[in-house]
Structure formats: C-alpha cells, structure tokens
Amino acid sequence: MKIRNKILTYFSVIVNLLTGITFVIIFLLFADYREEQFLNQQKERINTTLQLFSEIKKEDEEVQETMDILTVYDYYDEKLMIFNEDRQLVYVSKEDIPTPDVRGILQSLSRENTLVKTREAEFEIVGIYTETREGEYYAISKAYDDHGFTKMKFLRNVLIGIFIFIAIIVVLISQFLSSKIADPITRLTRDLNKMDPGSSEKELLTTDTDTYEIVQLTQRFNNLLDRTEKAFAFQKHTIDHISHQLKTPIAVLVSELERLRQSEDKEEIKEGLQNQIIKAKSLGGIVNVLLEISKIESGQQFSTEKNRVDEIVFDVINELNIIAPDFTFDLQYQPEYFDENNLIIDANPVLMRQAFHNLLHNCLSYSDNAKAEVTFDCSDPEALKVRIVNTGNAISPEESKLLFNHFFRGKNSQSISGFGLGLVLTRKILELHDSEISYKNPGKNINVFELHFRLR
Numbered sequence: 514m515k516i517r518n519k520i521l522t523y524f525s526v527i528v529n530l531l532t533g534i535t536f537v538i539i540f541l542l543f544a545d546y547r548e549e550q551f552l553n554q555q556k557e558r559i560n561t562t563l564q565l566f567s568e569i570k571k572e573d574e575e576v577q578e579t580m581d582i583l584t585v586y587d588y589y590d591e592k593l594m595i596f597n598e599d600r601q602l603v604y605v606s607k608e609d610i611p612t613p614d615v616r617g618i619l620q621s622l623s624r625e626n627t628l629v630k631t632r633e634a635e636f637e638i639v640g641i642y643t644e645t646r647e648g649e650y651y652a653i654s655k656a657y658d659d660h661g662f663t664k665m666k667f668l669r670n671v672l673i674g675i676f677i678f679i680a681i682i683v684v685l686i687s688q689f690l691s692s693k694i695a696d697p698i699t700r701l702t703r704d705l706n707k708m709d710p711g712s713s714e715k716e717l718l719t720t721d722t723d724t725y726e727i728v729q730l731t732q733r734f735n736n737l738l739d740r741t742e743k744a745f746a747f748q749k750h751t752i753d754h755i756s757h758q759l760k761t762p763i764a765v766l767v768s769e770l771e772r773l774r775q776s777e778d779k780e781e782i783k784e785g786l787q788n789q790i791i792k793a794k795s796l797g798g799i800v801n802v803l804l805e806i807s808k809i810e811s812g813q814q815f816s817t818e819k820n821r822v823d824e825i826v827f828d829v830i831n832e833l834n835i836i837a838p839d840f841t842f843d844l845q846y847q848p849e850y851f852d853e854n855n856l857i858i859d860a861n862p863v864l865m866r867q868a869f870h871n872l873l874h875n876c877l878s879y880s881d882n883a884k885a886e887v888t889f890d891c892s893d894p895e896a897l898k899v900r901i902v903n904t905g906n907a908i909s910p911e912e913s914k915l916l917f918n919h920f921f922r923g924k925n926s927q928s929i930s931g932f933g934l935g936l937v938l939t940r941k942i943l944e945l946h947d948s949e950i951s952y953k954n955p956g957k958n959i960n961v962f963e964l965h966f967r968l969r
C-alpha cells in the first residue's frame, strides 16, 4: 500500500472511530439522564397524587375524575395505582394499558425498601412506599416516556448526521494531509528513478520541503550517491592515476635500459643494472602507496591505529641499515623529560611507514657524511614535531617551492636515481593524517624536513 493511502486510511479510521465512540458515549449518558429524569417525574407525580388523595379522602368515581383532571395527563400511556396500608387498591388511573404485576412490587416495598423500579418492554415501572398523617400508602406507576424518547430519537439522528458530516470532512482533510506528506516522497522517488549513478554528470537530489525527515533523507542519499560515484570513479581513476604517476618512472627505466644495452662497458652495465633494480623495487612501494591513496580519495575509509612514531622510525632505520650499514642515524628526544604518550599518534602504519621511509632514504641519497639526525620534539602537549636533518648539497630557494611537485628533481639530485615522487607521496600521506611537512635550509649544505603531527 502506498504511504499516501496508508496515511489516508489510518487517519480517517482513527479519527472517525474516536468520533463515533464519543457520540455513542454522549448518547448513552443522555439515555441515563433521561431515565433518571423520568424516574424523578414519576416519583413527583406519585407524591402529588398521594397528597391529593390524602386531602380528599374519597374513594369514589368523583375522586378519580378530580385527580385525573388535576394531573393534566403529564404522560402518555400511564397507569397509576395507589394502595392503602393493607395493600388494597384505592385508586387507579383510567389509561387503558396493561396492569403491571403489582404483587411482587408490593411485597418488595416496605419501610426499609421505599423504592422499587423495573421495566416492562418500553414501559418504566416505579413503586413507592410512603407514610402520611393519614396512614401508609403504596403507589405504583407504569408509564411510557414519550417526550424523553422523542428527544433521544432526535439526538440520535443529530449525532448520526454530525458523524457523517465529520467523517466526510475527516476524509477530505486526510486526503489533503496525506498528499502534503507523501508528495515530497513521491517527487523524491521520481527524481531517484531519473538518476544514473554511473553518469558523468553529477546531479544532487533537492527537495522543496522543510520537513526534517525528508531533508535528512535527501542529505543521506546525496552522501550515499557521492560515495557510490566515488566507488565507480575509483575503478577508473585508480588505473588513470597509477598509469599517470608511473608513466615517467617507467619511461626513465626503459630509457636507462636502452642506454645500458648499447654500452659495452661491463662495469657500467653492472652498476646501471644495480641502479635499475633499486628503481624497480621502489616502484613496487610506489604502486602500493598509490593504491592506498586512490582508495582513500575515492571515499573509502582507511584504517588507523595507535602507533609510536619513534618505533616506526626505528623499524625503517633497521631496514635501511641492511642496504647501508655504514650510515648512522642519531635519534634525539626533546625535552629531556617528557610524556611518552606524546609520541603516540593515530595513523595507518603502512602509509606512515612509507612516508618515513621516503624521508630517511633521501638522507642516504643526499647526505655527504653518511649521517642524519632525527629529533622528536615533545615539548608541546598538543603537537609532536619530528625534524630530520642531514648535511649535503642543498636546493635553491626557487627549487624549494617546487620540492613537493610531481616528478620534480633538483640540481642536487641529477646524479642520484629516483623518480621525483617520494616527497609528493609523503606530503599526501601526511595530509591524509591531518599533519604537515615543510622544508628548511637554515645553513649552507643543511637540509631540514620538519613534520608536524596534531595530538589532540
């Protein structure tokens, strides 16, 4: 069932049901009120008749006629009977209606039980025991409340008419409200059917309603659509991204291999092949990092965990010492006493390891004394700074502006193998971790890379 029809049905049924129950309760309350009022009227008529009877003290036809005239026939179809203390009939009205079963009523009446009421079909019967100065009397009234039942019929017809009118109004209001509520959802569904997640044109859903749930649904769907489009784009962009990033390195490899093929110097060939092996191995790491970065850029979440930065650096140094055992890394901590928790960051261990590998490997390539200094500055409780310093040929201020651009290589790297991607990937990794990297040249032949990690 459509939501519009559900709202129409549920609202109409509930409101009309409550209205109907309310009207039934009103009718029943009025019926009880009519019965109580009629009972009081019967008691009043009995008391009036008894008073007249006690004053006249005659038991003949003249008494009956006088009493009938004085009561002015307040009720239709009424029979009133009065009995003396011996339960002998002393007065009966002339109405031609069946006489009630007086025996049981008279036996029930006494000083302890002065009122008895019962029904016969639509007639209401009231028995009363009373004491006057002239003696004890029993009175029984059997009457039909024509006036009261006429009012009840009128009230019933009015309530039915009002109920039908309200039911029609409720249905019309339900149709209006259901349309008001369901139309934004209907338009949203129609817009969804028109959308193609794989389309090159990105079109977000919009809504012209201020209903909180609809607005939230639209926003959530736009977020989902954005992630879906990124997932589609990932398949395309990953290949494009990696092929673009590796185009130059592969071209360099091919060019170097072509040059070596034409060389006849065995030592040159051997040294060149060794360099190409190093480049080929570095390409594997570059591919892995590019894949991870492409996933993240396509909207996929990457996992992070608590890592001590100095432990990551230790692992990278141990790995580099295998290929460069004579190279020395001097690790320092500032200040002398610090909270070791300031060394812990939330990071993806694979990506962060690759970032430090790129920086420390540069120290191997560009240092002129086989030494580098790594300083962990924990003086700021809200940030961790890591400085990597080595001496060697520095780059010019103009070149430092291009240091983190794709495939850029300064004049100091012309004789060193590489592709100009390491620092680019390092900065990208740090940006993904809400961190920063900068380069400084504070003195001649001094290169300083400073990493800034936010802790809180």
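So the sequence shown is residues 514 to 969, counted in my numbering. All C-beta atoms, glycine included, are put in the ideal place defined by N, C-alpha and C.
{"Query": "Tell me Asp890's beta-bridge partners as DSSP assigns them.", "Result": "Gln847, Lys898"}
{"Query": "Whole angstroms is fine: what's the gap from Phe840's alpha carbon to Leu877's?", "Result": "7 Å"}
{"Query": "Does the distance from the CB of Lys655 to the CB of Phe678 come in under 9 Å?", "Result": "no"}
{"Query": "Where does His502 fall in DSSP's three states?", "Result": "The question about residue 502 has no answer, for the chain in this structure spans 514 to 969."}
{"Query": "So, are the CB atoms of Ile857 and Asn820 less than 9 Å apart?", "Result": "yes"}
{"Query": "May I ask which residues mark the beginning and end of the alpha helix (DSSP H) holding Phe689?", "Result": "659–707"}
{"Query": "Quick check on the burial criterion: 16 or more other C-beta atoms within 10 angstroms. Buried or exposed for Lys693?", "Result": "exposed"}
{"Query": "Could you spell out where the alpha helix (DSSP H) holding Ala860 opens and where it closes?", "Result": "Taken as a continuous stretch (DSSP letters only), Ala860 belongs to no alpha helix (DSSP H), being part of the beta strand (DSSP E) at 857–860."}
{"Query": "Could you tell me the distance, in whole angstroms, from the CA atom of Ser926 to the CA atom of Phe851?", "Result": "Low local confidence applies: a pLDDT of 47 at Ser926 is under 50, so the model's placement there is unreliable, and no value is given."}
{"Query": "Provide the residue span of the alpha helix (DSSP H) that contains Asn831, from first to last.", "Result": "822–836"}
{"Query": "Determine which residues share a DSSP beta bridge with Phe596 and list them.", "Result": "Leu602, Tyr651"}
{"Query": "Note down, in chain order, each residue of its chain lying with its Cβ closer than 6 Å to the Cβ of Gln620, except the 5 sequence neighbours on either side.", "Result": "none"}
{"Query": "Measuring alpha carbon to alpha carbon, tell me which residue in Leu943, Leu945, Ala907, Thr939 is nearest Gly956.", "Result": "Ala907"}
{"Query": "If you draw a straight line from the C-alpha of Tyr651 to the C-alpha of Ala634, how long is it?", "Result": "23 Å"}
{"Query": "At the level of alpha carbons, what is the spacing between Thr699 and Tyr725?", "Result": "16 Å"}
{"Query": "Just mark Ser674 as buried or exposed, buried being the case when its beta carbon has 16 or more other beta carbons within 10 Å.", "Result": "First, the residue type needs correcting, since residue 674 is Gly and not Ser in the sequence shown. So Gly674 counts as exposed."}
{"Query": "Look at Ser606 and Glu591 and say whether their C-beta atoms are less than 9 Å apart.", "Result": "yes"}
{"Query": "Determine the direct distance from the alpha carbon of Arg866 to that of Ile825, and round the result to whole angstroms.", "Result": "6 Å"}
{"Query": "Helix, strand or coil: which one does DSSP assign to Leu738?", "Result": "helix"}
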